Structure formats: C-alpha cells, structure tokens
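Working notes for the structure below.
Number of protein chains: 2
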Amino acid sequence: MRIEIWSDVVCPWCYIGKRRLETALARFPHRDEVEIVWRSYQLDPAAPTEPTETASEMLARKYRMTPAQAAEAQGRVSALAAEEGMRWRHEDSPHANTLDAHRLLHLAAEEGRQGELKEALLDAYFGQARNVADHAVLREVATGVGLDAARVDEVLAGREFEAEVEADVDQAAAYGASGVPFYVVDRKYGVSGAQPVEVFSQVLEKAWSDAHPVLETVGGGEDACGPDGCAI
Amino acid sequence: MRIEIWSDVVCPWCYIGKRRLETALARFPHRDEVEIVWRSYQLDPAAPTEPTETASEMLARKYRMTPAQAAEAQGRVSALAAEEGMRWRHEDSPHANTLDAHRLLHLAAEEGRQGELKEALLDAYFGQARNVADHAVLREVATGVGLDAARVDEVLAGREFEAEVEADVDQAAAYGASGVPFYVVDRKYGVSGAQPVEVFSQVLEKAWSDAHPVLETVGGGEDACGPDGCAI
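Sequence order for the protein chains is A and B.
If you read the first sequence in the numbering used here, its first letter stands for residue 1, the second for the next number, and so on.
If you read the second sequence in the numbering used here, its first letter stands for residue 233, the second for the next number, and so on.
Structure follows, in structure tokens:
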C-alpha cells in the first residue's frame, strides 16, 4: 500500500495531519506494508527566500487584521498542536519560500530518508521558527538526517528536482486538490485536509481490503467439466 | 488486465468457453490491454498416453450407458459447438492423457506462443479427434505454431515443466475451483464454467473499472491550507 501526501513545509494543518495519520498507522495492523511518499506543494510560490516578516504578520497584512487578531485566528491550530505534544513556535515562523526544501525532499526520497527530512523540516519551521528557505538552515537540517553534504550542496546550488516539484504540483491539481494536506492511498482514495484519526483508519482499512481481495466467483460450475465428467 | 484460465485440452466446455470469452473480448474496448494466461488442469491424470477407447466409450463404460446414450448425452455440447461454427469430431476423440500437452503449453508461454498452441491443441483434439498424448502429434502441432522443434523434443523427452503444471493445479484448488474452465481476472474475480458472453463482458468491465479507479475523496478541505491561507 502506498500513501502519497501532498504537503507544504510551512502548512500547519499538514503537520497536524501528519500526527493524526501517524496515530492511525500505529493502530493499523498492516502498517509495515505501508509506504509513505511525500509530494511537493507550495502554498505561496512567490514567498521570499529572505523573509521580511513572520507568517502571522503576512496574514495580518493580507487580511487587514492586527497582529493580535492574527495570532488569535491561529489559536485553534496551536491548541491542537499542543494536544499532540508538538513543540510549536509558529507565531514566530517566517513567511518563507519552500521550493528548495521540496527539492531536497526529492533528493531525500532517492536516498531513502524522505520521511526523516520531512519531519525535521516541519520541526525546524514550526517548532523552531527557522527560515526553511535559507541554504545554511537547509544544509544543517538535511545533513542532520543523514543526507550526503556534497549532494545537498550540489542540489542547492543548482535547479535539480525543480521538474519533480512541478510534476507533483500538477498531479495535485489533476486530482482536484485545492489545498493541503491531501492524501492519496493507492491512487484510489483521497483524503482532503487534516481529517480525524478515525477517517484515516477507515481509509487504510478500505484500501487494504481492496488490495487483498478474496476471489469473488461468478457461476457455480454449470457448463464445466470436473473429475467426474462434464455437465451435459 | 490479466485473465488466467484453468482449462484442460480434452475439456469440451473449456473450448466452448474459449469462444465465448473471445466474443466478449472482441466487444471489449480495452481488449488490447488484456493478457491471457493459460493454466494447466488435468481432468483425468490417470488417462493413458496410448488410448484404448474414445472419450465417449470411456463415459459409457463409467456410467453404464450404451454408446448411443453417451453420444446423446453430449448432444448439447455438440450443438453449441456447431453454433459457434467450430469443427467438432468429439465423438471420435480418444480418452488421452494431457500432461505432456500442458508441459508444452508452459514452453509455449516462454516463447510467447501459448495462445496459438492452446487453440491448435483444442482443434487437434476436438476438431480432428487426434491423440494429444502422442509425441509425434504434439511435436507436429507445437512446431506448427512456431515452437522450436529441438526445444519441443527436449521437453517431451524429459520432465521439464511438470512442477509448473502441478503448481497450476494446486492454485486452482486454492481458489476453490472444482472443475474447468475456471477464469480468474486480476486475481480478483473468478468465473466458473463456460458462462454466457454477457457474464464475461460484465466481469471484464468490472475488473477494468477496478484497475482504473477514479479518485474517491473524503473531506472537503476543512482543516487544510490553500493559496488563500489556512482554515482557522
């Protein structure tokens, strides 16, 4: 079974949804046969690589709220993050571009470390309010989960994996996703948004039984031949 | 899509069922993406390689009928064969062992000629009443569909593919098949017996739509982030 997850590094519901799916997976008896693939999605492709404001300030400006109002608006998400026991400094997180982070996630997939890098990037952004567009930060986080430093530098210096990021974004659009997180199980079932654990559990069970069918047989052997002869 | 068909070379309903499936496939828009695999099944593993009676005589003896009664009992099958426009001399077909024929069908699968050999063997037995246990007959039929004569001789001289024949028979039992023809589509749908064309058509459609699902999505994007921000 394969779960593809479209998600952005700076998307709070993506991080909350990640914990909920992890809870559902921990309860799923066939969890060892589930592969997770992280797909790229950029909420704001125009976000700067050198941030000038926090995500909250950007929000307040965009929606003409005071910083206090913007912080309050994010209160429900922060409360849920607290419930999940996550460290959460989102109020200080910078409004930053994620293209390079996604390119490194594709590199990590090649090296079998994508899950580790995804978690580390989300924690860097939400738990530590770091600038995930900054190459020094990206380098530290990526090598911290075991990626080869020379390859990380090489990817960051060029445009490698840009086409892969774009292909992911296009695929999300093809699936009709208008936001993230967006989950696709076995290219058959979609889940839009950070749904409750129970919803993830149901989809996992459904996809599993689809992938492991019991043979449904039509016909009871009339017009057939067996060891005792043929139907006549 | 893959259709596995358990069938014996001396099974009249298998031949009739083959024509019916072919008709369903001819009407199926995705027929070019369907692969057929012929699986081995022996109705009578104890049948002789040097026949001493016809299949009808064997039946008459086994069920204490007169030859005329046995011929009459096969009347419905013969009528259906005539309807399908098949040449049919089944009343003269010998009661013969099919192990070697099945071994050659496995060889033919390796050489990409299995469909051709299956048809040729069925016609040799039902259309020409030939002894499909005889090595000279088997050699002629197999090379007639393009199999390499040296490989055919090599296989016939030894026990090659016996394990494959046995594995096929075991798999049929595992699926709960008690006779043939027995069809399995994508290891998901079974068809037992030479069902009407419409039944094959329905199963083909069902398997196709299973294999080419439209994404079913749960959730409408609540608790998600999009280009205009995050749900709060």
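From the three backbone atoms N, C-alpha and C, an ideal C-beta is built for every residue, glycine too.
All values derive from a computational prediction rather than experimental measurement.
So which residues of chain B does residue i contact, with C-beta pairs closer than 9 Å?
| i | result |
| --- | --- |
| A:Arg89 | By Cβ distance, chain B contributes nothing, its closest Cβ being about 16 Å from A:Arg89, past 9 Å. |
| A:Val191 | Thr449, Val450, Gly451 |
| A:Leu121 | Residues of chain B passing the Cβ test: none, with the nearest at roughly 16 Å. |
From residue i to residue j, what distance separates their C-alpha atoms?
| i | j | result |
| --- | --- | --- |
| A:Asp168 | A:Leu107 | 14 Å |
| B:Asp460 | B:Lys250 | 58 Å |
| B:Trp440 | A:Glu205 | 22 Å |
| A:Tyr175 | B:Arg234 | 27 Å |
| B:Glu342 | A:Val165 | 41 Å |
| A:Asn97 | A:Leu147 | 21 Å |
| A:Asp170 | A:Pro51 | 26 Å |
| B:Ala395 | B:Cys457 | 57 Å |
| A:Ala149 | B:Glu386 | 58 Å |
| A:Glu119 | A:His135 | 18 Å |
| B:Gly347 | B:Gly376 | 13 Å |
| A:Val152 | A:Glu160 | 10 Å |
| A:Glu72 | A:Glu57 | 12 Å |
| A:Asp32 | A:Ala26 | 10 Å |
| B:Met297 | B:Asp276 | 20 Å |
| B:Ser410 | B:Ala278 | 17 Å |
| B:Glu448 | B:Arg293 | 59 Å |
| B:Arg345 | B:His334 | 13 Å |
| A:Cys14 | A:Gly220 | 50 Å |
| B:Pro280 | B:Met318 | 26 Å |
Sort out for me which residues DSSP pairs residue i with in a bridge.
| i | result |
| --- | --- |
| B:Ile268 | B:Ile235 |
| B:Ala448 | Reading off the sequence, residue 448 of chain B comes out as Glu, not Ala. Looking at the DSSP assignment, B:Glu448 forms a beta bridge with A:Tyr189. |
| B:Gly458 | B:Gly461 |
| A:Tyr15 | For A:Tyr15, which the question treats as bridged, DSSP gives no partner whatsoever. |
| A:Tyr125 | A:Tyr125 pairs with nothing; no bridge assigned. |
| B:Thr286 | B:Pro326 |
| B:Val412 | A:Cys225 |
Between residue i and residue j, is the Cβ-Cβ spacing less than 8 Å?
| i | j | result |
| --- | --- | --- |
| B:Val242 | B:Val412 | no |
| A:Val197 | A:Ala24 | yes |
| B:Asp324 | B:Ala361 | yes |
| B:Leu354 | B:Leu336 | no |
| B:Val450 | A:Val34 | no |
| A:Leu21 | A:Phe182 | no |
| B:Ala404 | B:Arg271 | yes |
| B:Asp455 | B:Ala463 | yes |
| B:Val417 | B:Val435 | yes |
| B:Ser239 | B:Tyr273 | yes |
Show which residues of chain A have a CB atom less than 8 Å away from the CB atom of residue i.
| i | result |
| --- | --- |
| B:Pro244 | Cys225, Cys230 |
| B:Arg259 | Within chain A, no residue comes near B:Arg259; the closest Cβ sits about 18 Å away, beyond 8 Å. |
| B:Leu379 | In chain order: nothing, as chain A lies at least about 26 Å away. |
| B:Leu275 | Cys225, Gly226, Pro227 |
| B:Val266 | None at all; the shortest Cβ gap to chain A is about 17 Å. |
| B:Val431 | Val218, Gly219 |
Going along chain A, which residues have a C-beta under 9 Å from residue i?
| i | result |
| --- | --- |
| B:Ser410 | Gly221, Ala224, Gly226, Pro227 |
| B:Gln306 | Cys230, Ile232 |
| B:Gln427 | Val218, Gly219, Glu222, Asp223 |
Only counting the same chain, and skipping five residues up and downstream in sequence, which positions put a Cβ closer than 8 Å to that of residue i?
| i | result |
| --- | --- |
| B:Pro244 | Gln306, Val309, Ala313, His322, Phe358 |
| B:Ala389 | none |
| A:Trp88 | Ser78, Ala81, Ala82, Phe126, Gly127 |
| B:Lys218 | Here chain B comprises residues numbered 233 to 464, so residue 218 of chain B is not present and cannot be evaluated. |
Since residue i meets chain B, which of its residues come closer than 8 Å, beta carbon to beta carbon?
| i | result |
| --- | --- |
| A:Leu59 | Gly461 |
| A:Val184 | Leu447 |
| A:Lys188 | Pro445, Leu447, Glu448 |
List the residues of chain A that residue i touches, going by C-beta distances under 7 Å, in chain order.
| i | result |
| --- | --- |
| B:Glu247 | The question names Glu, yet the displayed sequence has Tyr at residue 247 of chain B. The premise fails here: B:Tyr247 is roughly 10 Å from chain A at the closest Cβ pair, so nothing lies under 7 Å. |
| B:Pro280 | The contacting residues do not exist; B:Pro280 stays about 16 Å from chain A at best. |
| B:Tyr407 | Leu215 |
| B:Pro413 | Ala224 |
| B:Val435 | Val218 |
Tell me which residues share the same chain as residue i and place their Cβ nearer than 6 Å to its Cβ, disregarding the 5 neighbours each side in the sequence.
| i | result |
| --- | --- |
| A:Glu53 | His95 |
| B:Ile248 | Leu312, Ala426 |
| A:Leu59 | Ala70 |
| A:Ala55 | Ser93, His95 |
| A:Glu84 | Arg19 |
| B:Arg371 | Val384 |
| A:Val137 | Arg130, Asn131 |
Take residue i and list the residues in its own chain whose beta-carbon comes closer than 7 Å to its own, dropping the five residues that flank it on each side.
| i | result |
| --- | --- |
| B:Pro261 | none |
| B:Ile268 | Ile235, Ile237, Gly347 |
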